[in-house]
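These notes are about the structure you will find just below.
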Amino acid sequence: MLQRNLIVTIDGHKRIEFDRSGGIPAQERARLDELDRMLGEEGVNLNGQHIATPDQEQKAYYMVEYLLNVLLDDDMERAALVCTYVGTRLPNLVGVHARTVGETFDVDLQFD
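As structure tokens, then:
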């Protein structure tokens, strides 16, 4: 089955795309695993609640929100790593479509 890329848009503008067709270099995989470990140890905040021991999906949803903030800061190096994290942890996610609402986002996640 052909895997579709993950595309992230903010206010209708494509900001970043994760290409699922290529491999991930070992060094980047190690960074993703370290990020995963850190999120598991520190927990995440989702919907105003702290989750002390998040599962894989909760970590990925937390990172979607983080990705949008990193993109607004135009930190493309960090955005690439976070987008790769989200794209590998949520393999059926093909679109993150965000609309800025004041200082927050209205987010629509598109799954294949």
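Using our numbering, the letters of the sequence shown correspond one by one to residues 102 to 213. In this text, a Cβ means the ideal position worked out from N, Cα and C, and glycines have one as well. Everything numeric in this text was worked out from a predicted model, so none of it was measured.
Original post:
Do Ala-180 and Val-171 have their C-beta atoms within less than 7 Å of each other?
Top reply: Within the sequence shown, the letter at position 79 stands for residue 180. Within the sequence shown, the letter at position 70 stands for residue 171. In contact: Ala-180 and Val-171 (Cβ atoms closer than 7 Å).
Original post:
Among Arg-200, Arg-138, Ala-131 and Leu-168, which residue has its Cα nearest to the Cα of Thr-154?
Top reply: In the sequence shown, counting from the first residue as 1, residue 154 sits at position 53. Here the closest residue by C-alpha is Arg-138.
Original post:
So, helix, strand or coil for Arg-105, using DSSP?
Top reply: By 1-based counting over the sequence shown, the position of residue 105 is 4. Of the three classes helix, strand and coil, the one that applies to Arg-105 here is coil, per DSSP.
Original post:
DSSP puts Thr-110 in a beta bridge; with which residues?
Top reply: On the sequence shown, position 9 is the one that residue 110 refers to. Per DSSP, the beta-bridge partners of Thr-110 are Lys-115 and His-198.
Original post:
Is the beta carbon of Val-197 less than 7 Å from the beta carbon of Val-165?
Top reply: Position 96 of the sequence shown, counted from the first residue, corresponds to residue 197. Position 64 of the sequence shown, counted from the first residue, corresponds to residue 165. For the pair Val-197 and Val-165, the CB atoms are nearer than the 7 Å cut-off.
**OP:** Can you check DSSP and say which residues form a bridge with Gln-157?
**Re:** Against the sequence shown, residue 157 aligns to sequence position 56. For Gln-157, no pairing in a beta bridge is given by DSSP.
Original post:
How is Asn-170 classed by DSSP in three states: helix, strand or coil?
Top reply: Translated into the one-based positions of the sequence shown, residue 170 becomes position 69. DSSP places Asn-170 within a helical segment (H, G or I) once states are collapsed to three.
Original post:
From this set, Lys-115, Ile-108, Ala-199 and Arg-190, which residue's C-alpha is nearest Leu-140's C-alpha?
Top reply: Here residue 140 corresponds to residue number 39 of the sequence shown, with the count starting at 1. Looking from the CA of Leu-140, the closest CA among Lys-115, Ile-108, Ala-199 and Arg-190 belongs to Arg-190.
Original post:
With 16 as the cutoff for other CB atoms within 10 Å, does Val-202 come out buried or exposed?
Top reply: Numbered from 1 along the sequence shown, position 101 holds the residue referred to as residue 202. By the 10 Å Cβ count, Val-202 comes out exposed.
Subject >> Nonlocal neighbours in the same chain, by C-beta distance under 8 Å from Leu-182, ignoring five residues either side >> reply: For the purposes of this step, residue 182 is taken as residue 81 along the sequence shown, with counting starting at 1. The residues are Glu-129, Arg-132, Leu-133 and Leu-136.
**OP:** Look at Tyr-167 and Leu-147 and say whether their C-beta atoms are less than 7 Å apart.
**Re:** The sequence position of residue 167 within the sequence shown is 66, counting from 1. The sequence position of residue 147 within the sequence shown is 46, counting from 1. The Cβ-Cβ distance between Tyr-167 and Leu-147 does not fall below 7 Å.
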